[in-house]
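Engineer: I'd like to ask you about the structure that follows.
Printed below as a string of structure tokens:
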């Protein structure tokens, strides 16, 4: 066939129709592929996983979108994905295991932490190797007496987070706990809100696993005695009896005041819910911990603490966070705490007339913890509860 005849056939109406259909199908295919692989706006069911995902296609996905730093996107809410990427660790044959001892045999008591090299002094490579992606662990030789969720409200302290999570994995494995570490972060430009992050972290942990104990943990607090067991009790537990950032009159480590209940607290599901969790309206530094103490007391509960020498924590030094300034209205908001307790708290995220809206931008199963990024509208929440924030709020 000569060139003229070939050109005539190519541009015939029938050929053009065929080419047009092929082009349309190609465009539609690209769009569908993009929609399937790119996360939605609120990422309600998207899970990012670090590491090797070669075993994951059998779970229904055979394509992965590489975002950055070896993180892969999966449209799934299957919690067992963390077990898969850990190399197949499962709970098989655990039915024949006995309960772990009431007092873990491997505890050493006081812990030496080198403030000149935090990371090296808290790292135990053997314990880190036993961690399942997403920050999970369960003993291999016995059934843990507590299934603990560690919830860390977080922003912009990457070094502290690395130190704390290494330290926790080292200690909590000696305590023979079944546990998982959750890091809940609030997206900028919203001011840090520790109480709101604790509430959302609590709800996410409940969705993710069957935990018997929930511990709200500051990112800069390092346990200095592993006999301070991360377990819950019949009453809410404040696990801090003293901190290196507070000195008493006789130069011992202590607390700033007797009712101080911040740093590390342990509660069961029913205790957290009975107090209605934390208040969500403290944007910026201060107030939410005292508010929560009042909530616990008004719910006819009281905090318990370990023995004085067991509950000492080392506070990692840090500079002032510009995105977490002191809240000038915190005292007025605290004065109005009682009026808000039943209508504003952890129940603000479900079956409530004044439901707080938030976006869950991302979930990542990182090497030593599960990371959740959320976003809220500070102005909208403040407006929503304005009449419950006390007179000095206008300051």
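In our numbering, the protein residues as written are 728 to 1122.
Glycine included, each C-beta is placed from N, C-alpha and C at the ideal position.
Since residue 967 contacts residue 946 with CB under 8 angstroms, what's their CB separation in whole angstroms?
Structural biologist: Actually they are not in contact, since the Cβ atoms of residue 967 and residue 946 sit about 14 angstroms apart, beyond 8 angstroms.
Engineer: Which whole-angstrom value describes the C-beta separation of residue 997 and residue 1064, a residue pair presumed to lie in contact below a C-beta threshold of 8 angstroms?
Structural biologist: Rounded, the Cβ-Cβ distance is 21 angstroms, inconsistent with contact.
Engineer: DSSP state of residue 1105, grouped into three classes?
Structural biologist: Note: residue 1105 maps to helix in three-state DSSP.
Engineer: What separation, rounded to the nearest whole angstrom, lies between the Cα atoms of residue 873 and residue 961?
Structural biologist: When rounded, the distance between both Cα atoms is 13 angstroms.
Engineer: Can you say whether residue 1082 is buried or exposed, counting buried as having 16 or more other CB atoms within 10 angstroms of its CB?
Structural biologist: Exposed, because fewer than 16 other Cβ atoms sit within 10 Å of the Cβ of residue 1082.
Engineer: Could you tell me whether the stretch 862-878 touches the stretch 978-985, using the rule of 3 or more Cβ pairs below 8 angstroms?
Structural biologist: Contact fails: fewer than three Cβ-Cβ distances are below 8 angstroms.
Engineer: Which residues does DSSP pair with residue 940 in a beta bridge?
Structural biologist: According to DSSP, residue 940 bridges with 875.
Engineer: Enumerate in chain order the residues of its own chain whose CB-to-CB distance from residue 871 is below 7 angstroms, with the five nearest sequence positions on each side excluded.
Structural biologist: Around residue 871: 827, 865, 903, 904, 905.
Engineer: Figure out for me which residue from 951, 1071, 917 has the closest Cα to the Cα of residue 1033.
Structural biologist: Residue 1033 has its Cα closest to that of 951, out of 951, 1071, 917.
Engineer: What first and last residue would you give for the alpha helix (DSSP H) that runs through residue 933?
Structural biologist: Per DSSP, residue 933 belongs to the alpha helix (DSSP H) from 921-935.
Engineer: State the Cα-Cα distance for the pair residue 1041 and residue 925, rounded to the nearest angstrom.
Structural biologist: Approximately 22 angstroms between the Cα atoms of the pair.
Engineer: Where residue 1085 and residue 921 are concerned, what is the direct C-alpha to C-alpha distance, given to the nearest angstrom?
Structural biologist: The straight-line gap from Cα to Cα measures roughly 15 angstroms.
Engineer: Taking residue 928 as the reference, give the member of 1098, 754, 1109 with the closest Cα.
Structural biologist: Ranking the options by Cα distance to residue 928, first place goes to 1098.
Engineer: The beta strand (DSSP E) that contains residue 948, what's its start and end?
Structural biologist: That run of the beta strand (DSSP E) goes 948-950.
Engineer: Here's a check: name, in chain order, each residue in its chain whose Cβ is nearer than 6 angstroms to the Cβ of residue 923, leaving out the five neighbours to either side.
Structural biologist: Contacts found: 1007.
Engineer: With DSSP as the reference, identify every bridge partner of residue 1086, one or two as the case may be.
Structural biologist: For residue 1086, which the question treats as bridged, DSSP gives the partners 1102.
Engineer: Per DSSP, what are the beta-bridge partners of residue 913 in this structure?
Structural biologist: 1101, per the DSSP bridge assignment.
Engineer: Could you check which residue in 852, 1015, 958, 909 has the C-alpha nearest to that of residue 1031?
Structural biologist: That would be 958, whose Cα lies nearest to the Cα of residue 1031.
Engineer: For residue 833, which residues in the same chain have their Cβ closer than 6 angstroms to its Cβ, ignoring the five residues on either side in sequence?
Structural biologist: Only 901 meet the Cβ criterion.
Engineer: Grouping DSSP H, G and I as helix and E and B as strand, with all else coil, what is residue 855?
Structural biologist: Three-state DSSP puts residue 855 in a helix.
Engineer: Just to confirm my understanding: we take residue 1066, look at its own chain, exclude 5 residues before and 5 after, and list those with CB closer than 7 angstroms. What are they?
Structural biologist: Correct list, in chain order: 1115.
Engineer: Are residue 942 and residue 838 close, meaning C-beta to C-beta below 8 angstroms?
Structural biologist: Contact: no.
Engineer: Just mark residue 915 as buried or exposed, buried being the case when its beta carbon has 16 or more other beta carbons within 10 Å.
Structural biologist: The residue is exposed, with fewer than 16 neighbouring Cβ atoms inside 10 Å.
Engineer: Run through DSSP, which three-state label would residue 1042 get?
Structural biologist: Residue state, collapsed to three classes: strand.
Engineer: Applying the 10 Å Cβ sphere with the 16-neighbour rule, what's the burial state of residue 1029?
Structural biologist: The residue in question, residue 1029, is exposed, as its Cβ has fewer than 16 Cβ neighbours within 10 Å.
Engineer: Ordered along the chain, which non-local residues of its own chain (more than five positions away) have a Cβ less than 6 angstroms from that of residue 842?
Structural biologist: Correct list: empty, nothing qualifies.
Engineer: Count the other CB atoms within 10 Å of the CB of residue 1069; is the residue buried (16 or more) or exposed (fewer)?
Structural biologist: Residue 1069 should be labelled exposed.
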